[in-house]
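Heads up: the protein sequence lines correspond to chains A and Y, in order. The first sequence begins at 1 in the working numbering and counts up one residue at a time. The second sequence begins at 1 in the working numbering and counts up one residue at a time. Even for Gly, the Cβ is constructed at its ideal location relative to N, Cα and C. Working notes for the structure below.
2 protein chains.
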Amino acid sequence: MTTQATDSRLLDVAIEHFSRFGIDGASTRAIAKDADTPMSSITYHFGGKEGLYLAAAERIAERMGELLGPAVAAAMRACQPGCTRAQAREALQLVLGHATSALVGADTAAMARFIVREQAEPTEAFTRIYDRLMAPMLERLSFLLRIVAGERISDLEARIRAVALFGQVLVFRVARETARRAAGWKVIGAAETEAIKTIVADHLDAVLDRLARGKRATT
Amino acid sequence: MTTQATDSRLLDVAIEHFSRFGIDGASTRAIAKDADTPMSSITYHFGGKEGLYLAAAERIAERMGELLGPAVAAAMRACQPGCTRAQAREALQLVLGHATSALVGADTAAMARFIVREQAEPTEAFTRIYDRLMAPMLERLSFLLRIVAGERISDLEARIRAVALFGQVLVFRVARETARRAAGWKVIGAAETEAIKTIVADHLDAVLDRLARGKRATT
DNA sequence: GTCTATAGTCGGATAGAC
DNA sequence: GTCTATCCGACTATAGAC
């Protein structure tokens, strides 16, 4: 096992620190120390604290993209414009299922913390993450929802529904501690993730049933 | 309109700053300045930064409790053990609807941000907020879900479903900026909150339909 | 590319006048 | 209770040796 390059080590440690303490709370000294390199190497490699922060956001977008991208791509293949409702439903399950695995199952804790922080006080980093990660997935989800609903719902409504459905997955990452306590689990491992996936899929199916039947509250 | 007491002004400003920058990122100097009082009054009234933080958490638990408590209490009255499914469904809509108003509504923005931050990096304040706010609500939600399902689902399954449903609300707070952009809104104000409430209620109704009918995926 | 030394800034705490 | 003045530690940035 070769030692990781300095800039790569710095990024990993930076994601951990920034996600935990924020850009102000984190200290370049502490980051450099944990990465086992002098503080000035941050200046050398990234130009300073700000540059390190943005580079960390970039890496997060990249890694999360690797986790979520295949699911979105598969959904694209499974359902082109004009595909059947059944195909659209299958594609929706595919996307949300993969999102659950990526967000709840994989070790994405630090990255998720980082993103949540950006939402509270968005910086330039947020735009990069949003454009690369969130927008394509929500775009895809709302597109598919409209197909299932037979175009009976507006684009706006589909988008709100997509965000809400995504929230069912997100909550198990963002409020992981709350979820763990509420369910009485010791840890949220592979078995627990499967249980979550089943229930999220069931909820999605229930909503799709309703959309397909056309029965819905006024909006 | 009488001028607010110094300690009360400090708490309001502190919630705003802590929620935005975290306990490390926030500056007592800036807080004191915004509250129009010398920094040393923080020491006088709260003993220091740490004391101010915990007092802010306390005030948040109190205020959010005032907002959510009545809904949970009303749900308790509306549906005692052995009540009808219809009553349980009504109570569920009541609780989730109030939670949406409380979490998504603009006037609770700072408090909600504060709580979300505590989830990512729990301090002593988290336990207080969890026990007082989250636990009772999730407890109530899962209890009601089991009544709607006619006891056909396990306690654990009900709890997971409760968390997932709560996630649909939470996402509009936690990922507020993502939701705003995805929906193409300029701000998430009163009208937008209403649209969210309608859709969350509709999703809940769809899930309850399915639970009541007994059709569901294997768990 | 890597590291040391240092300059300059800003933070929280506190003493003490009023 | 309120405010000023000050201390000291921690921070980022940078110059310059190797």
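Separation of residue j from residue i, as counted between CA atoms
| i | j | result |
| --- | --- | --- |
| T219/Y | F143/A | At T219/Y, the pLDDT of 48 sits below 50, so the modelled position is not reliable; the number obtained from the coordinates is stated separately. The straight-line gap from Cα to Cα measures roughly 29 angstroms. |
| A190/Y | Q119/Y | 26 angstroms |
| M1/Y | A206/Y | Confidence at M1/Y is low in this model, with a pLDDT of 46, below 50, so the placement of that residue should be treated as unreliable; the coordinate-derived value is given next. Taking the straight line joining both Cα atoms gives about 48 angstroms. |
| R161/A | D36/Y | 43 angstroms |
| G51/A | I42/A | 9 angstroms |
| R213/A | A149/A | 8 angstroms |
| D202/A | T123/A | 36 angstroms |
| A88/Y | L208/A | 23 angstroms |
| S101/Y | R128/Y | 22 angstroms |
| Q4/Y | M137/A | 47 angstroms |
| R29/Y | A14/Y | 11 angstroms |
| H17/Y | R113/Y | 10 angstroms |
| I115/Y | F46/Y | 20 angstroms |
| G220/A | I147/A | One cannot answer for residue 220/A here, as it falls past the ends of chain A, which runs 1 to 219. |
| V200/A | Q168/Y | 11 angstroms |
| T6/A | V72/A | 33 angstroms |
| L94/A | K215/A | 24 angstroms |
| K49/A | M64/A | 22 angstroms |
| P38/Y | D131/Y | 34 angstroms |
| Q80/A | P70/A | 16 angstroms |
| I221/A | L211/Y | This structure cannot settle anything about residue 221/A, because the visible part of chain A is limited to 1 through 219. |
| L145/Y | L204/Y | 10 angstroms |
| D12/Y | A125/A | 28 angstroms |
| L170/Y | Y44/Y | 36 angstroms |
| E139/Y | K33/Y | 42 angstroms |
| I188/Y | T198/Y | 14 angstroms |
Minimum C-alpha distance to residue i - residue among the options
| i | options | result |
| --- | --- | --- |
| G97/Y | C83/Y, F166/Y, V116/Y, A158/Y | F166/Y |
| V248/A | I147/A, A135/A, R173/A | One cannot answer for residue 248/A here, as it falls past the ends of chain A, which runs 1 to 219. |
| I60/Y | S8/Y, V169/Y, L92/Y, V95/Y | S8/Y |
| L141/A | V174/A, G48/A, I199/A, A91/A | A91/A |
| L68/A | A99/A, L138/A, P81/A, Q93/A | A99/A |
| V174/A | F126/A, M64/A, A32/A, A110/A | A110/A |
| E121/Y | E177/A, L211/A, I31/A | E177/A |
| E151/Y | G65/Y, A32/Y, R85/Y | R85/Y |
| L133/Y | L145/Y, E66/Y, V187/Y, A179/Y | E66/Y |
Listed by chain order, chain Y residues near residue i by CB distance under 8 angstroms
| i | result |
| --- | --- |
| E121/A | R20, F21 |
| R113/A | A120, E121 |
Beta-carbon neighbours of residue i, restricted to chain A and to distances below 9 angstroms
| i | result |
| --- | --- |
| R128/Y | None at all; the shortest Cβ gap to chain A is about 13 angstroms. |
Per-residue contacts from residue i into chain A (C-beta, under 7 angstroms)
| i | result |
| --- | --- |
| V104/Y | Correct list: empty, because the minimum Cβ distance to chain A is about 11 angstroms. |
Contact list for residue i against chain Y, beta-carbon separation under 7 angstroms
| i | result |
| --- | --- |
| R63/A | Those do not exist, as R63/A stays about 18 angstroms from chain Y at its closest Cβ, beyond 7 angstroms. |
| R59/A | Chain Y residues near R59/A: none, gap ~19 angstroms exceeds 7 angstroms. |
Within chain A, partners of residue i - CB distance below 8 angstroms
| i | result |
| --- | --- |
| R210/Y | D202, D205, A206, D209 |
With three or more C-beta pairs closer than 8 angstroms as the rule, is the region 176-194 of chain A touching the region 87-106 of chain A?
These segments touch.
So if I threshold CB-CB distances at 8 angstroms, which residues from the region 165-181 of chain Y count as touching chain A?
Within the region 165-181 of chain Y, L165, F166, G167, Q168, V169, L170, V171, F172, V174, A175, R176, E177, T178, A179, R181 place their CB atoms closer than 8 angstroms to a CB of chain A, listed in sequence order.
Check whether the region 148-161 of chain A and the region 175-183 of chain Y are in contact - that is, three or more C-beta pairs closer than 8 angstroms.
Flag = yes, the region 148-161 of chain A and the region 175-183 of chain Y touch.
Segment contact, 8 angstroms Cβ cut-off, at least three pairs: the region 13-27 of chain Y with the region 23-31 of chain A:
Under the three-pair Cβ rule at 8 angstroms, the region 13-27 of chain Y counts as touching the region 23-31 of chain A.
Positions along the region 183-208 of chain A whose CB lies within less than 8 angstroms of some CB in chain Y:
Using a CB distance below 8 angstroms, the part of the region 183-208 of chain A facing chain Y consists of A183, G184, A195, I196, T198, I199, V200, A201, D202, H203, D205, A206, V207, ordered along the chain.
Determine contact between the region 50-63 of chain A and the region 75-83 of chain A, defined as no fewer than three beta-carbon pairs at a distance below 8 angstroms.
Counting Cβ pairs under 8 angstroms, fewer than three are found: no touch.
Identify each residue in the region 14-48 of chain Y for which the Cβ-Cβ distance to at least one residue of chain A is less than 9 angstroms, and report them in chain order.
Taking 9 angstroms as the Cβ-Cβ cut-off against chain A, the residues of the region 14-48 of chain Y that qualify are S19, R20, F21, G22, I23, D24, G25, A26, S27.
Interface residues of the region 152-166 of chain A facing chain Y [CB-CB below 8 angstroms]:
Residues of the region 152-166 of chain A with a Cβ closer than 8 angstroms to any Cβ of chain Y, in chain order: L156, E157, R159, I160, R161, A162, V163, A164, L165, F166.
Proximal residues, the region 130-154 of chain Y versus chain A, C-beta separation under 9 angstroms
From the region 130-154 of chain Y, only Y130, M134, A135, L138, E139, S142 have a Cβ closer than 9 angstroms to chain A.
Using a beta-carbon distance cut-off of less than 7 angstroms, what residues from the region 72-94 of chain Y approach chain A?
Within the region 72-94 of chain Y, no residue qualifies.
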